[in-house]
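Trainee: Sharing a structure, written as structure tokens. Questions coming.
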């Protein structure tokens, strides 16, 4: 860290490091997380069509009543709910006949919004491989690599220590790297 | 971390960056969230009577337009927190206060000159078609990433205030992450263990 910070900065308080005062979640702020949550949902369940349902159900659950945020971490909070919704849906699905997933076009676009078939294949293969990981491994890959959360945020979202997150992440990535041939996850 | 695991992590991040939620999902979520707007706003709309419907529709349309308009600051911060993938740029021999890396007219500083932060790596990402270049430095307090996002400045999330300093203004986005504008571009310094004074000082000297 910079050894000699000018006096004008010494008194600066990092509000973000202060104990966070719980606040009500503002529904209007949540719309900006849809893309990121959709990515996480797709990697979690392995299919874009199911991911849409998962995201919508997550928002419905969060918006059903006023929510108190204990940390200033909306996306981490949404991920936690997404994970719970996914677990609930998975349990429910296991006791009813399997539905046939619709083959919808994956929403993989370039910067100009054009459909990108090659990128779509890569996303489909990678996300399917992530979805097949054991849940503990899958959740940290979704949080860190898909959503871009820090290890601390991931630890809070999945309810584990940071050291555990690090270990799980390394093992999960090792498994994914090893699945390249078997799961059709080709090196680019 | 082995090359193999780092490579798969990079592929996942790059692939994830190309994924957008379908428009129909954006529309449904916008409708859901606008229905749950804070009560006092709803009461104001109620007073407006017949105008309320039109205002609500306009608000939804605005959310949709803004929601699909370029990268968000959250996306940029996610990029800024990533690990470097290539070697660090060298010190510019023509000006030792900066490195041989820049986005437009904004150059990455050589913090080794006065602070002891040495560049240890770099990476280049694309966020919604915008180039984002990151140089990772290592100092006594751990790694700090400096990201410059090309194109028009990104908006800070609602509720995050700008703080004015003598030579620039900055916003604290989350613990250890600040942003400021320089040369019409968005700059981000992200060091999870760095203290705010050090980051502000570094931003000031960039």
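Chains as they are written, first to last, in our numbering: chain A, 899 to 1086; chain B, 4 to 209. A virtual CB, placed ideally from N, CA and C, is assigned to each residue, including glycine.
(1) Given 8 Å as the limit, is there contact between the stretch 924-936 of chain A and the stretch 951-971 of chain A, that is, 3 or more CB pairs closer than that?
(2) Less than 8 Å between CB atoms is the rule here; does residue 46/B satisfy it with respect to chain A?
(3) Would you mind sorting residue 922/A into buried or exposed? The rule is 16 or more other CB atoms within 10 Å of its CB.
(4) Are the beta-carbon atoms belonging to residue 181/B and residue 206/B less than 8 Å from one another?
(5) First and last residue of the beta strand (DSSP E) that includes residue 125/B?
(6) If we count Cβ pairs, one from each stretch, closer than 8 Å, do we get three or more for the stretch 159-173 of chain B versus the stretch 128-143 of chain B?
(7) Check the Cβ of residue 1061/A against every Cβ in chain B and list those closer than 7 Å, keeping chain order.
(8) What did DSSP end up calling residue 963/A once you bin it into helix, strand or coil?
(9) Below 9 Å on C-beta distance, what does residue 1072/A contact in chain B?
(10) For chain B, is any of its Cβ atoms less than 8 Å away from the one on residue 1048/A?
(11) Count the CB pairs spanning the stretch 1028-1041 of chain A and the stretch 1051-1058 of chain A that are closer than 8 Å, and state whether there are at least three.
(12) Return the bridge partner residues of residue 174/B from the DSSP annotation.
(13) In the DSSP assignment, the beta strand (DSSP E) including residue 1074/A goes from what residue to what residue?
(14) To the nearest angstrom, how far is it from the Cα of residue 15/B to the Cα of residue 1044/A?
(15) In its own chain, which residues sit with a C-beta less than 8 Å from the C-beta of residue 952/A, not counting the 5 before and 5 after it?
(16) Could you tell me if residue 37/B is buried or exposed, where buried requires 16 or more neighbouring beta carbons within 10 angstroms of its beta carbon?
(17) Hey, residue 89/B and residue 125/B are a contact pair by Cβ (cut 8 Å); roughly how many whole angstroms apart?
Mentor: Per the coordinate set shown:
(1) yes
(2) Locating residue 46/B in the second chain gives position 43, counting from the first residue. Bear in mind that a pLDDT of 46 at residue 46/B, under 50, signals an unreliable position, so the model cannot answer this.
(3) What you label residue 922/A is simply residue 24 of the first chain in a count that begins at 1. Exposed, since its Cβ has fewer than 16 Cβ neighbours within 10 Å.
(4) Here residue 181/B refers to the residue found at position 178 of the second chain. Here residue 206/B refers to the residue found at position 203 of the second chain. Going by C-beta atoms, residue 181/B is nearer than 8 Å to residue 206/B.
(5) On the second chain, residue 125/B is found 122 positions in, with the first residue counted as 1. Residue 125/B -> beta strand (DSSP E) spans 121-130.
(6) no
(7) On the first chain, residue 1061/A is found 163 positions in, with the first residue counted as 1. None at all; the shortest Cβ gap to chain B is about 15 Å.
(8) If you number the first chain from 1, residue 963/A lands on position 65. Residue state, collapsed to three classes: coil.
(9) Taking the first chain and counting its residues from 1, the one referred to as residue 1072/A is at position 174. Simply 5, 7, 8 and 11.
(10) For this step, residue 1048/A is matched to residue 150 along the first chain. At least one chain B Cβ lies under 8 Å of residue 1048/A.
(11) yes
(12) Residue 174/B sits at position 171 when you count from the first residue of the second chain. Looking at the DSSP assignment, residue 174/B forms a beta bridge with 182/B.
(13) As a working note, residue 1074/A is residue 176 in the first chain. Per DSSP, residue 1074/A belongs to no beta strand (DSSP E); it is in the alpha helix (DSSP H), 1060-1076.
(14) What you label residue 15/B is simply residue 12 of the second chain in a count that begins at 1. What you label residue 1044/A is simply residue 146 of the first chain in a count that begins at 1. Rounded to the nearest angstrom, the two C-alpha atoms are 6 Å apart.
(15) For the purposes of this step, residue 952/A is taken as the residue at position 54 of the first chain. The residues are 939, 942, 943, 980, 983, 984 and 987.
(16) For the purposes of this step, residue 37/B is taken as residue 34 along the second chain, with counting starting at 1. Under this definition residue 37/B is a buried residue.
(17) The residue labelled residue 89/B in the question sits at position 86 within the second chain. The residue labelled residue 125/B in the question sits at position 122 within the second chain. Yes, residue 89/B and residue 125/B are in contact; Cβ-Cβ is about 5 Å, under 8 Å.
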